[in-house]
Amino acid sequence: MNLKVHGRNVEVNDWVSEYVEKKVGKLERYLPQIDEALVELTYSPTRSASDRYTCQLTIWAGGQILRAEESTSDIFASVDATVNKVYRQIRRFKGRRYQSKRRAAAHANADAEMAAFALAEELAEEEEEAPGTIVRRKEFVLQPLDEEEAIEQLELLGHDFFVFLNPKTHSANIIYRRKDGNYGLLEPKII
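If you use this note's numbering, the sequence shown corresponds to residues 112 to 302, in order.
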């Protein structure tokens, strides 16, 4: 597993890096196909002391992306809470895989996964700019997934929507979470 630890407004010294490596390394026992893990530690001087340190963990494993983020008053507690959250996602991910007796499709290109993740991340974290202007453009490769796999990927990422290539219709589709807890599917239609 390739582990990268970055800090924003936080000094990532050897002690913190070793702690993160020890905690994230334990996840490899439960999901051995982990290719890469990215940990981003952030300090935000907020009014609430209980959420000043944020840990964001993103894992690329065998064509899937797992992501979690937690904020607490201590950097080590944030790392622990984030790793626990990813552990629960791994259990849910593996449970779905083995209960439905489906096997993973061909591994998608790692660049496509990172590009799709970056797009979803950028759309989720809107920057405050003047309304009506395009502030960022992203290009990414669409992953060919069926609707069930797209829902699974949406849940694993923790986002409200996911863009994918539907092999049945040979077009880009968007699956999104509705307020009632169900899912919606946007399919383009050319008139």
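Glycine included, C-beta positions come from ideal geometry on N, C-alpha and C.
Since this is a predicted model, take the numbers as computed values, not measurements.
Around the beta-carbon of I286, 16 or more other beta-carbon atoms lie within 10 Å, marking it buried. Around Y198, the same chain offers L138 and Y141 as residues with beta carbons nearer than 7 Å, after the five sequence neighbours per side are excluded. Separation of N195 and D125 (C-alpha to C-alpha, rounded to the nearest whole angstrom) is 22 Å. Between the segment 114-133 and the segment 149-166, the count of C-beta pairs closer than 8 Å reaches three or more; the two stretches touch. Following the DSSP letters along the chain, one finds G136 inside the alpha helix (DSSP H) bounded by residues D125 to G136. With contacts defined as CB atoms closer than 8 Å, Q264 and Q175 qualify as a contacting pair.
Per the C-alpha coordinates, the member of R163, E147 and R202 positioned closest to I170 is E147. Collapsing the DSSP output to three states places R119 in a strand. For F187, the closest of A172, R178 and C166 by C-alpha to C-alpha distance is C166. Taking a 10 Å sphere around the C-beta of K279, we find fewer than 16 other C-beta atoms and assign the residue as exposed. Counted as a single uninterrupted DSSP element, the stretch harbouring E298 is not any beta strand (DSSP E), since DSSP gives it neither H nor E. I285: member of the beta strand (DSSP E) spanning S282 to R288, first to last residue. Selection L114, S182 and H270 evaluated against S159 yields S182 as nearest (Cα-Cα). Restricting attention to V150, V127, A179 and P143, the CA atom closest to the CA of L114 is found in V150. For V197, the three-state secondary structure derived from DSSP is helix. R178 is bridged by DSSP to T169. For E260, the number of other beta carbons within 10 angstroms of its own is at least 16, and it is reported as buried.
If you look at E147, you'll find it in the beta strand (DSSP E) that goes I145 to Y154.
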